[in-house]
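**Q** I'd like to ask some things about the structure below.
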Amino acid sequence: MAFESKIKTIEWHGEVSRMIDQTILPKEFKLVDVKTTDEMYSAIKNMIVRGAPAIGIAGAHGVSLAAIELSKQISDKKKFLEALREKADYLKSSRPTAVNLYWAVEKQMKLAGSIKGTISEIVSALKENGVKLENEDIEINKKMGDYGAEAVPKGAAILTHCNAGALATVGYGTALGVIRSAYAKDSTIKVFADETRPRQQGARLTTWELAQDGIPVTLITDGMCSYFMSKGMINMVVTGADRIAANGDTANKIGTYTVAIAAKYHNIPFYIAAPLSTIDISIKSGSEIPIEERNHEEVTHINGDWICSKDVNIINPSFDVTPNELITGIITEKGILRPDYTKSIKKAFNI
53 MAFESKIKTI
63 EWHGEVSRMI
73 DQTILPKEFK
83 LVDVKTTDEM
93 YSAIKNMIVR
103 GAPAIGIAGA
113 HGVSLAAIEL
123 SKQISDKKKF
133 LEALREKADY
143 LKSSRPTAVN
153 LYWAVEKQMK
163 LAGSIKGTIS
173 EIVSALKENG
183 VKLENEDIEI
193 NKKMGDYGAE
203 AVPKGAAILT
213 HCNAGALATV
223 GYGTALGVIR
233 SAYAKDSTIK
243 VFADETRPRQ
253 QGARLTTWEL
263 AQDGIPVTLI
273 TDGMCSYFMS
283 KGMINMVVTG
293 ADRIAANGDT
303 ANKIGTYTVA
313 IAAKYHNIPF
323 YIAAPLSTID
333 ISIKSGSEIP
343 IEERNHEEVT
353 HINGDWICSK
363 DVNIINPSFD
373 VTPNELITGI
383 ITEKGILRPD
393 YTKSIKKAFN
403 I
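Sequence positions in the sequence shown follow this note's numbering and run 53 to 403.
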């Protein structure tokens, strides 16, 4: 049974990609129309759209926008496809960690290269496929939600880190999709959300979208999870992922590794919820996952104000990697994968 979320994060609208501007939530709800490849690069880079699955759809839309632009400039099909490849590679460079971006862009490029018809027919096919990927994302998330809900104990208090909800996808969520599906069956479910420094996606986004859907949520700071675990107030952890290696090592928002260690110490199940498109079977372990280093002002400033000495050194990795031995299960659209992840991931991909 799927909980119907009210949120649609990104969708193709005519000749533009329409998305929620997540940089200004929860103060303001605003839809923006992204009309060009450069605008899409900026929207992804600056986190107007964020969350691995949503970034993937943004990448797919970006290829469609690039095709529309190039179709007005180039009449030779071979030159058109060469220019489209350059635009696609440009889009992929906007965020290096989330593998869904690469996955969706390459799906579009494979489609473009397979069409025997005209440039106009390529453009139409790319737009149609972008919408198809949108719809598939929601259905995949609902499947994950229902599989994950089976692992949620009655009346459980679930901790989640960052935002892996409707706002991180097209409209249902990965980790929050599990919570939505569990809540649909058991309204006594409780949610704890870490604030998730430095960009406060948990505080700004997770609490906002759960409140929109009427699901009770308690906000805690990042340093509080062990306290509540030690008090028996958290029964389960579910987070999303930006890239999962072939052995199950998982990159997610910085601080996830810390939560996983605390959960292991307190014998609390720790689950990852992510579609198969987030699993990168080309890399053997988490040590091969590129970690994005973001702007230092994310750490030194809050709401535009300095919070530290201006002479301090800053390091701002956006993600960390949780080793597979700390992960109880990986919730996918094909069910919950269990250790040994090297074997269960291969089985999920039929290899």
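Ideal placement from N, C-alpha and C gives every residue a C-beta, glycine not left out. Note that the coordinates shown come from a computational prediction; the quantities given were computed from them, not determined experimentally.
Take Asn181 and list the residues in its own chain whose beta-carbon comes closer than 6 angstroms to its own, dropping the five residues that flank it on each side.
**A** Contacts found: Leu163.
**Q** Could you work out which residue in Pro250, Ala216, Thr88 is closest to Pro327 when comparing CA atoms only?
**A** Closest option to Pro327, Cα to Cα, is Ala216.
**Q** So is Asp357 buried or exposed if we call it buried at 16+ other beta carbons inside 10 Å?
**A** Exposed, because fewer than 16 other Cβ atoms sit within 10 Å of the Cβ of Asp357.
**Q** When burial is assigned at 16 or more other CB atoms within 10 Å of the CB, is Ile383 buried or exposed?
**A** Ile383 comes out buried.
**Q** Quick test of the definition: if touching needs 3 or more C-beta pairs under 8 angstroms, does the segment 317-324 touch the segment 349-368?
**A** Taking 8 angstroms as the limit for Cβ pairs, the verdict is that the segment 349-368 does not touch the segment 317-324.
**Q** How many Å lie between Gly292 and Ala203 at the Cα?
**A** Cα to Cα, Gly292 sits roughly 16 angstroms from Ala203.
**Q** Could you name each continuous beta strand (DSSP E) segment of 3 residues or more that falls completely within the segment 214-263, going from the start of the chain to the end?
**A** Correct list: 242-246.
**Q** Our contact map puts Thr374 next to Thr308 with C-beta atoms below 8 angstroms; I'd like the distance itself, whole angstroms only.
**A** The pair is a contact, with the Cβ atoms about 6 angstroms apart (cut-off 8 angstroms).
**Q** In three-state terms, what does DSSP make of Met53?
**A** Bear in mind that a pLDDT of 47 at Met53, under 50, signals an unreliable position, so the number given afterwards is only what the model happens to contain. Three-state result, Met53: coil.
**Q** Give the range of the alpha helix (DSSP H) segment to which Val311 is assigned.
**A** Run containing Val311: 308-317, per the alpha helix (DSSP H) assignment.
**Q** If you follow the alpha helix (DSSP H) that Asp141 is in, where does it begin and where does it stop?
**A** Unbroken alpha helix (DSSP H) run through Asp141: 129-144.
**Q** Mind listing, in chain order, the continuous beta strand (DSSP E) runs of no fewer than 3 residues lying wholly within the segment 314-359?
**A** Counting whole runs of 3 or more residues, the segment 314-359 contains the beta strand (DSSP E) stretches 322-325.
**Q** Which value, in whole angstroms, describes the spacing of the CA atoms of Glu344 and Asp294?
**A** In a straight line, the C-alpha of Glu344 is about 11 angstroms away from that of Asp294.
**Q** Within the same chain, show all residues whose beta-carbon is closer than 6 angstroms to that of Pro250, passing over the 5 residues directly before and after it, in chain order.
**A** Excluding positions up to five away in sequence, the list reads Glu350, Val351.
**Q** According to DSSP, what are the bridge partners of Ile72?
**A** Looking at the DSSP assignment, Ile72 forms a beta bridge with Leu83.
**Q** Based on Cα-Cα distance, which residue from Thr302, Gly225, Leu257, Thr212 lies nearest to Met276?
**A** Checking every option, the nearest Cα to that of Met276 belongs to Thr212.
**Q** Output yes or no for whether 8 angstroms exceeds the beta carbon distance between Val101 and Lys87.
**A** In this structure, Lys87 does not lie closer than 8 angstroms to Val101 by Cβ.
**Q** Are the C-beta atoms of Ile379 and some chain D residue less than 8 angstroms apart?
**A** Of the protein chains in this structure there is only one, and it is not chain D.
**Q** Does the beta-carbon of Glu247 have 16 or more other beta-carbons within 10 angstroms, so that it is buried, or is it exposed?
**A** Buried, since its Cβ has 16 or more Cβ neighbours within 10 Å.
**Q** What would DSSP say about Lys60, mapped onto helix, strand or coil?
**A** Residue state, collapsed to three classes: coil.
**Q** Quick check on this structure: which residue in Leu185, Gly165, Phe132, Ser94 has the alpha carbon closest to the alpha carbon of Gly108?
**A** Out of Leu185, Gly165, Phe132, Ser94, Leu185 has the C-alpha closest to the C-alpha of Gly108.
**Q** Phe280 by DSSP, collapsed to three states: which one?
**A** Here Phe280 sits in helix by DSSP.
**Q** Whole angstroms is fine: what's the gap from Val290's alpha carbon to Lys124's?
**A** Rounded to the nearest angstrom, the two C-alpha atoms are 46 angstroms apart.
**Q** Taking the C-alpha atoms as reference points, what is the distance between Lys97 and Ala106?
**A** C-alpha separation (whole angstroms): 13 angstroms.
**Q** When DSSP builds the beta bridges, which residues end up paired with Glu89?
**A** Correcting the residue type first, residue 89 is Thr in the shown sequence and not Glu. For Thr89, which the question treats as bridged, DSSP gives no partner whatsoever.
**Q** Determine, using beta carbons only, whether Gly225 and Ala218 come nearer to each other than 8 angstroms.
**A** Yes. Within cutoff.
**Q** Can you round the beta-carbon distance between Ala209 and Phe244 to whole angstroms, since I take them to be within the 8 angstroms contact cut?
**A** That belief holds up - the Cβ atoms of Ala209 and Phe244 are roughly 6 angstroms apart, short of 8 angstroms.
**Q** Output the distance between the C-alpha atoms of Asn193 and Ser127, rounded to the nearest integer angstrom.
**A** Going from the Cα of Asn193 to the Cα of Ser127 covers about 39 angstroms.
**Q** Is it buried or exposed, Cys214, if we count other Cβ atoms within 10 angstroms and call 16 or more buried?
**A** By the neighbour-count rule (16 or more Cβ atoms within 10 Å), Cys214 is buried.
**Q** Is Ala303 closer than 8 angstroms to Gly338 when the C-beta atoms are compared?
**A** Contact: yes.
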